[in-house]
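Working notes, structure below.
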Amino acid sequence: MNFRAWIEATRPKTLPASIVPVLMGSSLAYSLGYFRWDLFAITIICSILIQITTNFFNEVYDFKKGADSNNRVGPKRQVASGVISPKSMMIASLALTLITFILGLYLVYSSGFIILIVGILSLVFAFLYTGGPYPLAYNGLGYLFVFVFFGLVAVNGTFYVQTGELNFLSIVLSIIPGLLSANILNVNNIRDIETDHLVGKITLSYKLGKEIAIIMYIISTLFSFLLIIPIYLITENLFAFLPLISLPLAIQLIIHIRKKSGRELNSVLAKTGGLLFIYGILSSLSFLI
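Here the sequence shown stands for residues -13 to 275, numbered as in the numbering used here.
Okay, structure coming up:
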């Protein structure tokens, strides 16, 4: 077994999208006097597994639909390159789905039936992202999927697991990783605009066009920092401004996404994941201090 290929198939540079929301939701719960290590550990494991499962299904169905062809300018895909067979990847995807479901039952036992619904929907949409009769990623809905599940659902779901409730602050907070995670996908789709439509993959970036997609990236980035203001007004905590430390990186990315294209955008994608991670860590610290 080629372990390196399997590790690469998880797409490590994008995994902050599953880690950061759990950190943010958990730190907010902690600041309000609610926190259990066991729930935190299971939640973050399930979140990471859901993203990896999504990526594994993506490997299989992008290969079958021809999206991962020799014309691809993004990182090598393990199924398309023949390193991992579609059958092996599908078996791994289904196995991870089952493992995630079983682990998630602990959260259901601790937090109630609503978490079962959230978990099932997350796993179903992990498949529907590129699989099924109407794959979201091929019909301009990938951006919405990422924003909802890696932002709103992940943060508020984590907060609910810890506290048994939701509040306005958790909802505001959840918008931030949703936007920054969607930016990771947006960079990916901007890079692949010229090749995706050849295989019928009509992403939102393709529908809007490159220039508007770039403007979307810029607005999402800046709005993520503007949301610091309502968070400060709600919490009256000066540490809410800690994420501003990552603003220079955000500005650098805004400049680069306007200037770079093709394979050059691979570094922008990786650094966008880095921005999400740094922002998320700083935001989480602001609630822990």
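Beta carbons are placed, not taken as given, at the ideal position from N, Cα and C, and that holds for glycine.
Tell me which residue opens and which closes the alpha helix (DSSP H) that residue i is part of.
i	result
T189	Looking at the DSSP string, T189 is not in any alpha helix (DSSP H), and its letter there is neither H nor E.
Y265	251 to 274
E180	179 to 182
Q64	Unbroken run through Q64: none, as it is neither H nor E.
R(-10)	-11 to -5
I5	2 to 17
F113	99 to 114
S210	196 to 212
F21	Segment: none, F21 is in no alpha helix (DSSP H) and carries neither H nor E.
I231	Neither: I231 is in no alpha helix (DSSP H) and is coded neither H nor E.
G128	128 to 133
Residue i: buried (16+ other C-beta within 10 angstroms of its C-beta) or exposed?
i	result
Y95	exposed
E45	buried
N(-12)	exposed
R249	exposed
L255	buried
I88	exposed
G128	buried
Q64	buried
R(-3)	buried
L109	buried
I214	buried
T120	Correcting the residue identity first, residue 120 is Tyr in this sequence and not Thr. Flag for Y120 reads exposed.
S4	buried
L212	exposed
K257	buried
According to DSSP, is residue i part of a helix, a strand, or is it coil?
i	result
N172	helix
N41	helix
N142	helix
Rounded to whole angstroms, what's the CA-CA distance from residue i to residue j? Just pull it up for me.
i	j	result
S247	R177	6 Å
Y92	G195	44 Å
V6	Y20	18 Å
L271	S13	7 Å
H183	R(-10)	30 Å
A276	W(-8)	No answer is possible for residue 276: the residues shown for the chain start at -13 and end at 275.
F227	Q37	29 Å
I33	G137	It is worth fixing the name first, because residue 33 is Ser in this sequence and not Ile. Those two C-alpha atoms are separated by around 12 Å.
L230	D48	37 Å
A66	Y115	18 Å
K(-1)	F133	18 Å
Y16	S74	40 Å
L268	R22	21 Å
Does the beta carbon of residue i come closer than 8 Å to any beta carbon on chain B?
i	result
L165	As a matter of chain content, chain B is missing from the structure shown, which is built from one protein chain.
Taking 7 Å as the limit between beta carbons, can you name the residues of its chain near residue i, skipping five residues before and five after?
i	result
F111	F131, F135
V141	P7, M10, G11, S156, L159, S160, P163
N41	A(-5), T(-4), R(-3)
N125	I188
Which residues in the same chain have their Cβ closer than 6 Å to the Cβ of residue i, if we skip the five residues on either side of it in sequence?
i	result
N252	none
I204	I240
I264	S232
S206	L165, N169
N104	This sequence places Val at residue 104; Asn is not what is there. Hits under 6 Å: G143.
T39	S79, L82, T83, A112
Using C-beta distances below 8 Å, list every residue in its chain close to residue i, excluding the 5 sequence neighbours before and after it, in chain order.
i	result
L152	N142, F145, Y146
With a threshold of 7 Å, establish whether the CB of residue i neighbours any heavy atom of the ligand COA.
i	result
S12	This structure lacks the ligand COA, and indeed carries no ligand of any kind.
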